[in-house]
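Please read the structure below before turning to the comments.
Residue numbers (the numbering used here): 356 to 498.
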């Protein structure tokens with residue numbers, strides 16, 4: 356009886372860890388305009404539940420033309436929705452100024468039931484955020 360419980364616990368643990376492993380990794384999006392302005396978004400979700408975000412913009416007529424913005428904090432997953440949280444004491448400093456609290460992103464992946472040849476890139480789409488320019492940004496998984 357103990358061995359059955361042990362097997363069930365191991366199966367449950369491996370299922371839970373495999374669910375979060377599919378989300379872990381690096382995501383990116385690069386946009387360019389006709390005027391050669393560049394916008395880059397990079398997000399890394401770590402296995403330990405932390406994230407690191409970097410936004411880079413190079414706007415030729417902007418003041419300043421180049422801008423780097425950073426954010427970090429923790430993340431959690433529930434039913435393909437990634438919730439972000441930034442602790443005001445430990446996640447903010449002179450470099451990391453973005454507050455990801457109240458930000459949510461949907462994890463989109465091709466369903467295993469989808470047997471067609473259609474290509475659906477694994478991505479995160481921000482559906483809610485207090486950072487106004489982050490909402491509706493879809494970042495493609497790199498690895």
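Every residue, glycine too, gets a C-beta built ideally from N, C-alpha and C.
Item: Under the rule that 16 or more other beta-carbon atoms within 10 Å means buried, what is residue 446, buried or exposed?; Value: buried
Item: From the DSSP output, in three-state form, read off residue 479 for me.; Value: strand
Item: Measure the C-alpha to C-alpha separation of residue 429 and residue 386 and round it to an integer number of angstroms.; Value: 26 Å
Item: What does DSSP give as the partner residues of residue 314 in its beta bridges?; Value: No statement about residue 314 is possible, as the shown extent of the chain runs from 356 to 498 and does not include it.
Item: Assuming residue 392 and residue 415 are in contact, meaning their beta carbons sit under 8 Å apart, how far apart are those beta carbons, in whole angstroms?; Value: 6 Å
Item: Taking buried to mean at least 16 other C-beta atoms within 10 Å of its own C-beta, is residue 408 buried or exposed?; Value: buried
Item: Mind reading off the beta-carbon distance from residue 398 to residue 453? Whole number of angstroms is fine, and I expect it under 8 Å.; Value: That belief does not hold up - the Cβ atoms of residue 398 and residue 453 are roughly 11 Å apart, past 8 Å.
Item: Would you decide whether residue 497 is buried or exposed? Buried here means 16 or more other CB atoms lie within 10 Å of its CB.; Value: exposed
Item: Sorted by chain position, which residues of the same chain lie with C-beta nearer than 6 Å to residue 433's C-beta, five sequence neighbours on each side aside?; Value: none
Item: Let's test the definition: count the other Cβ atoms within 10 Å of the Cβ of residue 418 and tell me whether it reaches 16, buried, or not, exposed.; Value: exposed
Item: Please return the same chain residues whose Cβ sits closer than 8 Å to the Cβ of residue 333, not counting the five positions on each side in sequence.; Value: The first residue shown for the chain is 356 and the last is 498, placing residue 333 beyond what the model contains.
Item: Going by DSSP, which residues form a beta bridge with residue 393?; Value: 387, 413
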